[in-house]
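Written out below as structure tokens is the structure these notes cover.
Residue numbers (the working numbering): 111 to 478.
Shown next, in the form of structure tokens:
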């Protein structure tokens, strides 16, 4: 976890924890985990699913497959004691609340209250890759200052990374980018008969892929690289010449193609900043938080003072689409990586990594 965010989350949650006021069950469990030295990405509590008490899922910043049953039991007991006190008993009751992970049922001896803990991997330990840990940090910080962070039961790239709710129930989307992160990476195909790019049927966001496809189809700089791939493939498989570049290249074939002098990446194609803004608006993103830079707006619906317009801040920068052959499982996939060199992006006047600014954002939600 980012050190600044971790420090702030500890301060805010433990301050609320020590006062014992304004604490939701999620806050209590998160604060108890922090106090117990357990590295947690975030917590979700679902309420009693049966007569057996509350059900809370604890997302760890570590691989749950590397943790023993005894350690899970210890963590469950430690969190419960830190949150509620007493001398509880712990029982592993199997996959009662999850198809993958065991449930650790903790029962308070005196108070009799029951909490069922399910420990699973957090954002930095397998859900969407290590590059997404900053997203978990931002969620935790917003929750710590009282923002209503909604939990989307999907990792679909057609929508924003984080959603929060206003007092009236309106959802506000926040895109989150760690330092150096891509600004999108849709999966594409290339038709050698029509010489056109097309969205892959497996693309997780065809609408966003179409925007990138249109830019690539208006350029001619990538075609030579694509034709070299086809030529190298056809030499290996003369019985089935390549008609569409998609996901059919296996690693063993790609190794031969690379050795033949074909590069992994094609030449970059300029993508106008206005198209990046359009790309994220289609993902229902109102704001974008960039690590080390701050919070920018695509559509400043909360009328936040200091949330710099992304289009205005990035107007002098260049964005690029870089076609690449990347590994996905056993095969290679054709993807278009959108990058923006934002080292020279002017810092926004508002930054969710700043505790005071995060509180301003939370207050704006509560007054809208």
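Glycine included, every Cβ here is placed at the ideal spot set by N, Cα and C.
Counting only runs of 4+ residues, the alpha helix (DSSP H) found wholly inside the segment 176 to 261 occupies 179 to 194 and 243 to 254, in chain order.
Beta-carbon to beta-carbon, residue 384 and residue 422 are separated by about 11 Å, too far to satisfy the 8 Å threshold. Taking a contact to require three or more Cβ pairs closer than 8 Å, the segment 399 to 414 and the segment 330 to 350 do not qualify as touching. Excluding residues up to 5 positions away in sequence, 353 lie with their Cβ nearer than 7 Å to the Cβ of residue 303 in the same chain. In the three-state scheme derived from DSSP, where H, G and I count as helix and E and B as strand, residue 352 is classed as coil. Excluding sequence positions up to five before and after residue 320, its CB lies within less than 7 Å of the CB of 309, all in the same chain and listed in chain order.
Assignment of residue 459 by DSSP, reduced to helix, strand and coil, places it in the coil class. Just measuring C-alpha positions, the residue of 447, 427 and 456 sitting nearest residue 433 is 447. Between the beta-carbon of residue 468 and that of residue 251 there is about 6 Å, and that keeps the pair under the 8 Å contact cut. Counting C-beta pairs closer than 8 Å gives three or more between the segment 280 to 291 and the segment 381 to 395, which meets the contact rule. In this structure, the beta-carbon distance from residue 192 to residue 142 falls below 9 Å. Residue 399: member of the beta strand (DSSP E) spanning 397 to 400, first to last residue. 296 is the residue among 344, 296 and 411 whose C-alpha sits nearest the C-alpha of residue 318. A straight line joining the alpha-carbon of residue 196 with that of residue 170 spans about 24 Å. Counting only the Cα atoms, residue 327 lies some 47 Å from residue 156. Look at the beta carbons and you see the segment 217 to 231 touching the segment 182 to 192: at least three pairs across the two are nearer than 8 Å. A direct Cα-to-Cα measurement between residue 154 and residue 338 gives close to 50 Å.
For residue 165, the enclosing beta strand (DSSP E) starts and ends at 164 to 170. Per DSSP, residue 476 is not a residue of any beta strand (DSSP E); the alpha helix (DSSP H) it occupies stretches across 465 to 476. Annotated as distal: residue 452 and residue 415, with beta-carbon spacing of 9 Å or more.
Here residue 430 really is in contact with residue 381; their C-beta atoms are around 6 Å apart, less than 8 Å. Rounded to the nearest angstrom, the gap between the Cα atoms of residue 208 and residue 172 is 18 Å. The three-state secondary structure of residue 386, taken from DSSP, is helix. C-alpha of residue 464 to C-alpha of residue 425: approximately 25 Å in a straight line. Straight across, the Cα-Cα distance linking residue 475 with residue 277 is about 6 Å. According to DSSP, residue 414 shares a beta bridge with no other residue. According to the DSSP assignment, residue 317 belongs to no beta strand (DSSP E) but to the alpha helix (DSSP H) extending over 316 to 327. In this structure, the beta-carbon distance from residue 343 to residue 435 does not fall below 9 Å. When the beta-carbon positions are compared, residue 218 and residue 194 come within less than 9 Å of each other. For residue 281, the enclosing beta strand (DSSP E) begins and ends at 281 to 287. Per DSSP, the continuous alpha helix (DSSP H) segment holding residue 145 begins and ends at 135 to 145. Taking residue 174 as the centre and dropping the five residues before and after it, the same chain places the C-beta of 211, 229, 230 and 231 closer than 7 Å to its C-beta, in chain order. For the pair residue 145 and residue 298, the Cα-to-Cα distance works out to about 46 Å. Here DSSP, grouped into helix, strand and coil, assigns residue 451 to coil.
Straight-line spacing of the CA atoms in residue 215 and residue 260 works out to 25 Å.
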